[in-house]
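One structure below.
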Amino acid sequence: MKTEQGSLTVELVLLSPLLAILVLFSVHAGRLGEAKNQVQHAADQGARKGSQVAYSRIENEARNATLEDLSKSGVACIDLRVDVVLISNGSFDAVQVKVSCDVRSDGTELLALFPDTVHASSVEVIDRWRVL
Numbered sequence: 656m657k658t659e660q661g662s663l664t665v666e667l668v669l670l671s672p673l674l675a676i677l678v679l680f681s682v683h684a685g686r687l688g689e690a691k692n693q694v695q696h697a698a699d700q701g702a703r704k705g706s707q708v709a710y711s712r713i714e715n716e717a718r719n720a721t722l723e724d725l726s727k728s729g730v731a732c733i734d735l736r737v738d739v740v741l742i743s744n745g746s747f748d749a750v751q752v753k754v755s756c757d758v759r760s761d762g763t764e765l766l767a768l769f770p771d772t773v774h775a776s777s778v779e780v781i782d783r784w785r786v787l
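Positions in the sequence shown are counted from 1; adding 655 to them yields this note's numbering.
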């Protein structure tokens, strides 16, 4: 008659790498979700700031507000791109801020994932009476 002593230990040894990969994947997915939220918030803040200043300062102010918000939120970007576009539609003008960020994968290298890119875009209508 065979005993089953130690079978739990064997099962745990066989399943622990799979559980570690599952935990690392959860951490990676959480980081991407948080980075997406922070990049979207930065794009919103940049577009808002750009819509409140004179036309000659829109691009500079929007870019600076976006970068400042990203640095305060602590997003770890490898390659950060901020594009500011002035949209003119005849009846109204707007400023659009597009942000692209390659999120670092510190601590999840075992998954062998490439840096994931998150994108965000925000548009704000320029208040003519405020920026004159």
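Glycine is no exception: its CB is placed at the ideal position from the N, C-alpha and C atoms. Owing to the predicted nature of the structure, the values given are computational and were not obtained by experimental measurement.
Please look up how many angstroms separate the CB atoms of residue i and residue j, rounded, as I've assumed it's under 8 Å.
i, j, result
"S760", "H683", "7 Å"
"V740", "Q751", "5 Å"
"A690", "A702", "19 Å between Cβ atoms; not a contact."
"V778", "A749", "5 Å"
"S706", "D757", "Incorrect: roughly 27 Å between the Cβ atoms, too far for contact."
Could you please give me the residues that DSSP links to residue i through a beta bridge?
i, result
"Q751", "V740 and V778"
"V758", "C732 and D771"
Count the other CB atoms within 10 Å of the CB of residue i; is the residue buried (16 or more) or exposed (fewer)?
i, result
"D734", "exposed"
"L725", "buried"
"V754", "buried"
"V773", "buried"
"Q660", "exposed"
"T721", "buried"
"I713", "buried"
Ends of the alpha helix (DSSP H) at residue i?
i, result
"A675", "S662 to G705"
"S726", "I713 to S728"
If you compare alpha carbons, which of the options is closest to residue i?
i, options, result
"I742", "S755, V708, A775 and V780", "V780"
"D771", "F680, I713, D724 and S726", "F680"
"E723", "V708, S711 and V694", "V694"
"A775", "N715, A698 and L674", "A698"
"C732", "S746, R686 and N719", "R686"
"N719", "S728, G688, K704 and Y710", "K704"
"S728", "P672, N692 and I713", "N692"
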